[in-house]
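Data first, discussion second: the structure below is written as structure tokens.
Residue numbers (mature numbering (1 follows the signal peptide of the UniProt record, and there is no 0)): -24 to -1, 1 to 412.
Right, here's the structure in full:
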């Protein structure tokens, strides 16, 4: 109703002498239902206090988020003024005309340097290396690791580990040590296991986990500018990375073939595994004694380097975009100008939001604020993402279908799986006229 009324008043020139609307402005931001959305609502309440503009963060469960957003986009509806959309949406949303072009805004405020460069590349820019921007990095996230610090620091465990492997038991310095530690703590007879990784193939869990290995083994998914995949997705580095990921699967708890963020946190809280992969967004529960009985004995580390020193992590998180069908775009731009301020980003981080703001990330205050912030800081300058093309869902399904049987079911080889995936992706890009 407010949009209709505002539109009528605007049409008849109903304004006050000062030139502002006769009615208080409102903005609606659409996001998924989780703690960061609650933190954002706390943050935007301060914007209302400062400006009188009411901002509502409307949420829906993650399972409905994409469907509900794109249903509204495709209907050219104005229910949402802004959306905190997944990084993979940026191709479909920009090519579909659903997002407002933020390139001028980006350049005016030098956001390429204000925000961590990797988050600009994957949350904001599309096509790759085009210099066109569609989102402001908002909720930084990536895949990191938690571990049972109390197990690692047990003198008997430390002595036994050094006797077996010849070096001190500590946070793994590379993927080889990650594998060694997983093997060392894997004790099925004691119902204690080495590691928990992502394996669920119903959306992007397995792929995000495998990306942690691929990127740190020096591999890539393809050339995002030319859509070339032959010799890239099925490279020697990627074959070794997928083999390494499969080996880690052998050290997981029983029944771990459909696991994602809930199960991977439970691996720590229920004394199942020595180490566990998860998005940083789910680590707050692990330092809360109410949700993790082992909170005092839980530590965190960034995804370790691969065999040649490459160190990257799979990107999660979202950017905030202005919806092109919004009737309040001018006010939305004003909100974004407030959101990117240093003091706003500092407050965002203090509330629990995962800022992508470089100055805030680099501050000692932020890095020491929680047991996982240092690892998060290290990670957000070393992230890479999945394809952001409009057909990313087809690419994701194919990757799941090719890798899942090999990793969890011992079917075929890593090379065979990746060769087949390259063929799948070539067919998809050909169908959509990419790279022709």
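Glycine included, C-beta positions come from ideal geometry on N, C-alpha and C.
Does DSSP put residue 205 in a helix, a strand or coil? Within the chain shown, residue 205 is the residue found at index 229, counting from 1. Correct three-state label for residue 205: coil.
Within the continuous beta strand (DSSP E) that includes residue 255, where are the two ends? For this step, residue 255 is matched to residue 279 along the chain shown. Its beta strand (DSSP E) spans residues 249 to 255.
Classify residue 129 as buried or exposed, calling it buried when 16 or more other Cβ atoms lie within 10 Å of its own Cβ. Walking along the chain shown from the start, residue 129 turns up at place 153. Burial call: exposed.
Assuming the contact rule is C-beta atoms closer than 8 Å, residue 366 and residue 71 should be a hit. Round their C-beta distance to whole Å, please. Position 390 of the chain shown holds residue 366. Position 95 of the chain shown holds residue 71. About 5 Å separates the two Cβ atoms, so the contact holds.
Which of the three DSSP states, helix, strand or coil, is assigned to residue 245? As a first step, residue 245 must be located in the chain shown, where it is residue number 269. Residue 245: helix per DSSP, three-state reduction.
Grab the span of the beta strand (DSSP E) containing residue 169 for me, first residue to last. Position 193 of the chain shown holds residue 169. From DSSP, the beta strand (DSSP E) with residue 169 extends over 169 to 172.
Classify residue 39: buried if its beta carbon has 16 or more other beta carbons within 10 angstroms, exposed otherwise. As a position in the chain shown, residue 39 is number 63, starting the count at 1. Residue 39 is exposed by the Cβ-count criterion.
Of all the options 189, 363 and 137, which has the alpha carbon lying nearest to the alpha carbon of residue 217? Position 241 of the chain shown, counting from 1, holds the residue named residue 217. Here the closest residue by C-alpha is 189.
So the candidates are 171, 319, 355 and 146; which of them puts its Cα closest to the Cα of residue 289? Taking the first residue of the chain shown as 1, we reach residue 289 at position 313. Of 171, 319, 355 and 146, the residue nearest in Cα terms is 355.
Just checking, does the region 335 to 355 make contact with the region 365 to 381 on the three C-beta pairs under 8 Å criterion? no
Can you give me the C-alpha to C-alpha distance between residue 395 and residue 14, rounded to a whole angstrom? Translated into the one-based positions of the chain shown, residue 395 becomes position 419. Translated into the one-based positions of the chain shown, residue 14 becomes position 38. Looking at the two C-alpha atoms, the distance is approximately 43 Å.
Considering only the beta carbon of each residue, do residue 201 and residue 103 sit closer than 9 Å? To locate residue 201, count along the chain shown from 1; it is residue 225. To locate residue 103, count along the chain shown from 1; it is residue 127. The answer is yes: Cβ separation under 9 Å.
Tell me the start and end of each unbroken beta strand (DSSP E) in the region 1 to 44 that is at least 3 residues and wholly inside, in chain order. 2 to 8 and 30 to 36
So residue 403 and residue 67 are in contact, right, with Cβ under 8 Å, and what is the actual spacing, rounded? Here residue 403 refers to the residue found at position 427 of the chain shown. Here residue 67 refers to the residue found at position 91 of the chain shown. Their Cβ separation, rounded to whole angstroms, is 18 Å, which puts residue 403 and residue 67 out of contact at 8 Å.
Same chain, Cβ closer than 6 Å to residue 321, neighbours up to 5 away in sequence not counted: Residue numbering aside, residue 321 sits at position 345 when the chain shown is read from its first letter. Around residue 321: 331, 333 and 336.
Distance check for residue 380 and residue 194, CA to CA, integer angstroms please. Sequence index remark: in the chain shown, residue 194 carries index 218 (1-based). Sequence index remark: in the chain shown, residue 380 carries index 404 (1-based). About 21 Å.
Hey, out of 273, 280 and 181, whose CA is closest to residue 191's CA? Counted from its first residue, the chain shown places residue 191 at position 215. Of 273, 280 and 181, the residue nearest in Cα terms is 280.
Hey, how far is the Cα of residue 211 from the Cα of residue 386? Along the chain shown, one-based indexing puts residue 211 at 235. Along the chain shown, one-based indexing puts residue 386 at 410. Each residue's alpha carbon lies about 20 Å from the other.
Bridge-paired residues (DSSP) for residue 104: Counted from its first residue, the chain shown places residue 104 at position 128. According to DSSP, residue 104 bridges with nothing at all.
Compare the Cα-Cα distances from residue 344 to each of 57, 361, 106 and 325 and report the closest residue. Translated into the one-based positions of the chain shown, residue 344 becomes position 368. The shortest C-alpha separation from residue 344 is found at 325.
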